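One structure below.
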Amino acid sequence: MNIITRVQDSLYRFFDGDVWYSFTQSKTTIIAAIVTVILMLASLLAPFISVHNPFDPTNLNLMDSFTPPVWSEDGRWAFPLGSDDQGRDLYSTILYGSRLSLFIGFASVAFSMTLGVSLGLIAGYLGGSVDAFIMRVADIQISFPGILIALLIDGLARALLPGESHDEVMVYVLILAIGLSQWVNFARTVRGSTMVERNKEYVQAARVIGVSRLFIMVRHIMPNVMGPVLVIATISLAVAILSEASLSFLGVGVPPTQPSLGTLIRIGQDFLFSGEWWIVIFPGITLAALVLAVNLLGDWLRDALNPKLR
Amino acid sequence: MIPLIIRRSYQSVIVMLVVALLAFTMFRYVGDPVAMMVGQDTSLEQREAMRVSLGLKDPVPVQFARFVVNTAKGEFGISYQLGRPVAEILQERLPATLELSLVAALFALFVGIPMGIYTALHPQKWLSNAFLTISLVGISLPTFLIGILLILFFGVLLNWLPTFGRGDVVMLGSWSTGFLTGSGLRSLLMPAFTLGMFQLTLIMRLVRSEMLEVLLTDYIKFARARGLSDKAVNFGHALKNTLVPVITITGLQIGSIIAFATITESVFQWPGVGLMFIQAISLVDIPIMSAYLVLVALFFVIINLIVDILYHVVDPRLRVDGNGAHG
Chain A
1 MNIITRVQDS
11 LYRFFDGDVW
21 YSFTQSKTTI
31 IAAIVTVILM
41 LASLLAPFIS
51 VHNPFDPTNL
61 NLMDSFTPPV
71 WSEDGRWAFP
81 LGSDDQGRDL
91 YSTILYGSRL
101 SLFIGFASVA
111 FSMTLGVSLG
121 LIAGYLGGSV
131 DAFIMRVADI
141 QISFPGILIA
151 LLIDGLARAL
161 LPGESHDEVM
171 VYVLILAIGL
181 SQWVNFARTV
191 RGSTMVERNK
201 EYVQAARVIG
211 VSRLFIMVRH
221 IMPNVMGPVL
231 VIATISLAVA
241 ILSEASLSFL
251 GVGVPPTQPS
261 LGTLIRIGQD
271 FLFSGEWWIV
281 IFPGITLAAL
291 VLAVNLLGDW
301 LRDALNPKLR
Chain B
311 MIPLIIRRSY
321 QSVIVMLVVA
331 LLAFTMFRYV
341 GDPVAMMVGQ
351 DTSLEQREAM
361 RVSLGLKDPV
371 PVQFARFVVN
381 TAKGEFGISY
391 QLGRPVAEIL
401 QERLPATLEL
411 SLVAALFALF
421 VGIPMGIYTA
431 LHPQKWLSNA
441 FLTISLVGIS
451 LPTFLIGILL
461 ILFFGVLLNW
471 LPTFGRGDVV
481 MLGSWSTGFL
491 TGSGLRSLLM
501 PAFTLGMFQL
511 TLIMRLVRSE
521 MLEVLLTDYI
531 KFARARGLSD
541 KAVNFGHALK
551 NTLVPVITIT
561 GLQIGSIIAF
571 ATITESVFQW
581 PGVGLMFIQA
591 ISLVDIPIMS
601 AYLVLVALFF
611 VIINLIVDIL
621 YHVVDPRLRV
631 DGNGAHG
């Protein structure tokens with residue numbers, strides 16, 4: 001079979017399948033999907049649809065700071081949603097900020113998924129003391145909330161890294177911290193299903209003909225345990241975006257020169273009392289819409305992939 | 311029961327030792343403790359003398375043992391930034407966090423459980439739909455955003471409630487309480503609501519799904535067939551069995567209330583240990599960070615222990631085998 005017919009075939013199966021059907025049946029899910037796609041496209045296309053690049057200081061003029069949104073009295077079309085304390089156009093900053101938030105979200109989920117799935121496969125397939133060790137660590141970690149673990153890793157990284165390099169590496173520190181705080185969910189689920197798959201005949205057959213352990217885990221077992229992983233990944237994305245926003249809000253996330261949505265809300269909080277509400281409200285709405293949409297998609301995916309509910 | 315408690319306590323001690331090891335490693339190897347404590351003009355001899363007097367020259371296992379003993383006595387060293395014993399700072403700030411967490415937890419429980427029961431018993435009514443919509447928003451709105459919106463609305467626009475701090479406090483011995491003054495209580499409202507909101511939605515959804523499941527079981531149908539009143543069936547039979555998982559999850563949630571308190575305290579400038587921890591992170595104040603770590607771990611371990619024990623008390627099925635070895 002050549003590539004094109006294979007793609008056609010899988011596309012056809014997807015649109016004809018249960019998952020697509022249940023998608024078309026739920027209005028909420030369709031709206032959530034549309035919102036998610038719009039926000040993701042908007043953040044991807046940020047350089048083309050924004051007014052200016054808010055991360056480039058040459059574009060900014062302090063005289064423009066605290067411009068209210070365009071529909072209020074002093075509003076100007078150059079700043080559709082108003083501007084912040086440094087004269088950054090809020091609309092552009094939100095686009096670039098969502099970009100950063102989504103990037104950190106996706107990257108940290110990819111990281112925790114890789115780590116969690118690998119450890120889950122190893123623990124479930126090998127069993128014994130390896131399994132006991134990994135699961136003990138997971139047990140201890142899961143009894144602490146993720147945000148606290150992320151805070152701690154973040155704080156340690158700050159202490160270990162020299163001061164001047166903070167700003168550049170902070171994004172990666174955040175990915176690491178949020179990723180490490182979430183691997184347990186993946187590992188537990190994958191371990192459970194791996195222990196079931198391990199005893200099935202196809203795995204035994206592969207073992208008998210001498211396939212290596214690594215190959216069995218990656219090519220035989222992994223494809224069969226990925227369904228629930230997809231659900232956890234979607235929900236983790238929402239959690240990761242929230243964690244990033246919370247850390248940035250607390251002032252231990254991305255530097256203020258490259259504001260994510262959380263940083264923007266933090267900046268805006270200082271000006272709440274002087275009446276500049278738009279600096280908080282618009283990034284807040286964007287963040288809430290994004291997280292709500294992703295959460296709804298995750299909820300739907302969990303029900304759609306659950307064979308018990310079909 | 312007793313063997314269970316002993317076994318769980320043993321596990322808890324191991325967890326605490328792991329956490330202590332982590333805190334010790336942080337304290338000992340992240341940055342140089344002596345360099346953080348002394349000024350620029352301290353001579354090398356003085357630094358060396360300090361190193362000896364602090365015991366940093368002893369073998370590492372000895373240092374760790376000393377660290378564990380000191381921690382158990384509540385001595386966490388001296389804060390790099392404030393120059394005061396960490397234990398003293400903790401004692402000042404702990405009441406604020408505990409009072410806030412307590413009120414938030416009670417709010418989440420006493421509002422969340424009835425809301426969950428209502429939505430399960432009357433799934434078709436519009437109020438149930440309203441509750442469920444609110445809960446979805448409650449899960450998606452980040453804690454800090456809820457807090458900021460409250461501040462904007464009740465603090466800035468309406469000017470009804472104070473927007474930061476604890477208000478006036480009264481000292482009861484060494485415990486400072488905000489429960490006894492009007493301004494203290496008014497200051498507590500918004501932070502407690504913010505902190506409790508997320509837990510409230512979780513508890514409500516959990517009670518609802520558990521209750522819906524229980525209502526479908528045979529013994530409920532049988533109870534109805536016996537002609538028991540709705541009230542007796544719903545509250546006597548169904549609710550009781552719903553509460554078992556609710557206790558576990560709620561117990562663990564109380565732990566995360568303390569964790570999320572860091573965010574709420576930071577929004578409302580609440581002078582508790584969470585705000586202290588955030589400040590310590592941005593200032594790299596390792597003794598405070600490790601003390602907070604140990605303290606929070608202790609809370610979690612104790613809560614987990616209580617939850618495990620409660621679980622056995624509430625669910626008779628777990629009590630059947632005398633030694634509880636398979637609990």
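Chains A and B, in that order, give the protein sequences. Residue 214 in the numbering used here sits at position 214 of the first sequence, and the numbers go up by one each step. One gets the numbering used here by counting positions in the second sequence from 1 and adding 310 to each. The beta-carbon is built from N, C-alpha and C at its ideal position, and this holds for glycine as well. Bear in mind that the values here come from a model prediction, so they are computed numbers and not experimental data.
Are the C-beta atoms of residue i and some chain B residue less than 9 Å apart?
i, result
"A/Ile30", "no"
"A/Gly155", "yes"
"A/Ser143", "yes"
"A/Trp20", "no"
"A/Ser246", "yes"
"A/Gly105", "no"
"A/Gly97", "no"
"A/Phe133", "no"
"A/Asp303", "no"
"A/Phe273", "yes"
"A/Val280", "yes"
Tell me the DSSP bridge mates of residue i?
i, result
"B/Ser486", "B/Met481"
"B/Pro294", "Outside the displayed range of chain B (311 to 637) lies residue 294 of chain B, so it cannot be described from this structure."
Does the CB of residue i have a neighbour CB from chain A at under 9 Å?
i, result
"B/Ala590", "yes"
"B/Gly565", "yes"
"B/Phe386", "no"
"B/Leu526", "no"
"B/Met336", "yes"
"B/Asn614", "yes"
"B/Ile399", "no"
"B/Ala415", "no"
"B/Ile573", "yes"
"B/Val517", "no"
"B/Val396", "no"
Indicate the three-state DSSP secondary structure (helix, strand or coil) for residue i in the structure shown.
i, result
"A/Asp89", "strand"
"B/Ser363", "helix"
"B/Ser539", "coil"
"B/Ser519", "helix"
"A/Ser83", "strand"
"A/Gly311", "This structure cannot settle anything about residue 311 of chain A, because the visible part of chain A is limited to 1 through 310."
"A/Pro145", "coil"
"B/Leu471", "coil"
"A/Ile209", "coil"
"A/Thr257", "coil"
"A/Tyr12", "helix"
"B/Lys531", "helix"
"A/Asn185", "helix"
"B/Ala635", "Because B/Ala635 sits at a pLDDT of 42, beneath the cut-off of 50, its placement in the model cannot be relied upon, and the following sentence gives the value as read from the coordinates. In this structure, B/Ala635 counts as coil in the three-state DSSP scheme."
"A/Arg324", "Because chain A is modelled from 1 through 310, residue 324 of chain A falls outside the range shown and cannot be assessed."
"A/Gln269", "helix"
"A/Thr194", "helix"
Along chain B, which residues have their Cβ under 8 Å away from the Cβ of residue i?
i, result
"A/Leu185", "The sequence as given places Asn at residue 185 of chain A; Leu does not occur at that position. Ordered by position in chain B, no residue passes the 8 Å Cβ test against A/Asn185, which lies about 14 Å from the chain."
"A/Gly284", "Leu455, Ile458, Leu459"
"A/Asn295", "Leu446, Ile449, Ser450"
For residue i, return the contacting residues in chain B, with the cut-off set at a CB-CB distance below 7 Å.
i, result
"A/Trp277", "Leu462"
"A/Gln269", "Ile458"
Residues of chain A with CB under 7 Å from residue i, in chain order?
i, result
"B/Ile596", "Ala159"
"B/Leu315", "In the sequence as displayed, the identity of residue 315 of chain B is Ile instead of Leu. Result: empty, since nearest Cβ-Cβ is about 18 Å, beyond 7 Å."
"B/Ile557", "Those do not exist, as B/Ile557 stays about 16 Å from chain A at its closest Cβ, beyond 7 Å."
Quick one: which chain A residues come within Cβ less than 9 Å of residue i?
i, result
"B/Val379", "Here the premise fails: no neighbours, minimum Cβ distance about 23 Å."
"B/Ser647", "What the structure shows of chain B is the stretch from 311 to 637, and residue 647 of chain B is not part of that stretch, so it cannot be assessed."
Is residue i a contact residue of the ligand NAP, with contact defined as CB to any heavy atom under 8 Å?
i, result
"B/Tyr529", "Absence of the ligand NAP is noted for the structure shown, with no ligands found whatsoever."
List, in chain order, every chain B residue whose beta-carbon is nearer than 9 Å to that of residue i.
i, result
"A/Leu115", "The premise fails here: A/Leu115 is roughly 19 Å from chain B at the closest Cβ pair, so nothing lies under 9 Å."
"A/Ile122", "Within chain B, no residue comes near A/Ile122; the closest Cβ sits about 21 Å away, beyond 9 Å."
Can you pull the chain A residues whose beta carbon is under 8 Å from the beta carbon of residue i, in chain order?
i, result
"B/Leu609", "The question names Leu, yet the displayed sequence has Phe at residue 609 of chain B. Those within 8 Å of B/Phe609 in chain A number zero; the least Cβ separation is about 10 Å."
"B/Leu603", "Leu152"
Handout entry: Three-pair Cβ contact test at 8 Å for the segment 450 to 459 of chain B versus the segment 284 to 301 of chain A
Key = Flag = yes, the segment 450 to 459 of chain B and the segment 284 to 301 of chain A touch.
Exercise for the section: Answer yes if the segment 501 to 517 of chain B comes into contact with the segment 550 to 569 of chain B, meaning at least three C-beta pairs across the two stretches below 8 Å, and no otherwise. Expected result: Taking one beta carbon from each stretch, the segment 550 to 569 of chain B and the segment 501 to 517 of chain B have 3 or more pairs nearer than 8 Å; the two touch.
Problem - Inter-stretch contact (C-beta, 8 Å, three-pair minimum) for the segment 184 to 204 of chain A and the segment 132 to 147 of chain A - result: Touching, per the Cβ criterion.
Handout entry: Three CB pairs or more closer than 8 Å across the segment 291 to 299 of chain A and the segment 233 to 244 of chain A
Key = Yes: at least three Cβ pairs fall under 8 Å.
Practice task
Inspect the CB distances between the segment 605 to 619 of chain B and the segment 324 to 336 of chain B and report whether three or more fall short of 8 Å.
Solution key: With a cut-off of 8 Å, the segment 324 to 336 of chain B and the segment 605 to 619 of chain B count as touching, because enough Cβ pairs lie within range.
Problem - Inter-stretch contact (C-beta, 8 Å, three-pair minimum) for the segment 174 to 184 of chain A and the segment 106 to 116 of chain A - result: They touch, by the three-pair rule.
Handout entry: Three CB pairs or more closer than 8 Å across the segment 404 to 420 of chain B and the segment 589 to 596 of chain B
Key = Look at the beta carbons and you see the segment 404 to 420 of chain B not touching the segment 589 to 596 of chain B: under three pairs across the two are nearer than 8 Å.
Practice task
For the segment 538 to 549 of chain B and the segment 515 to 525 of chain B, state whether three or more C-beta atom pairs, one from each stretch, are separated by less than 8 Å.
Solution key: Yes, since at least three Cβ pairs between the segment 538 to 549 of chain B and the segment 515 to 525 of chain B fall closer than 8 Å, the two stretches touch.
Exercise for the section: Please determine if the segment 422 to 438 of chain B and the segment 512 to 519 of chain B are in contact, where contact requires at least 3 C-beta pairs separated by less than 8 Å. Expected result: Because the criterion of three Cβ pairs below 8 Å is met, the segment 422 to 438 of chain B and the segment 512 to 519 of chain B touch.
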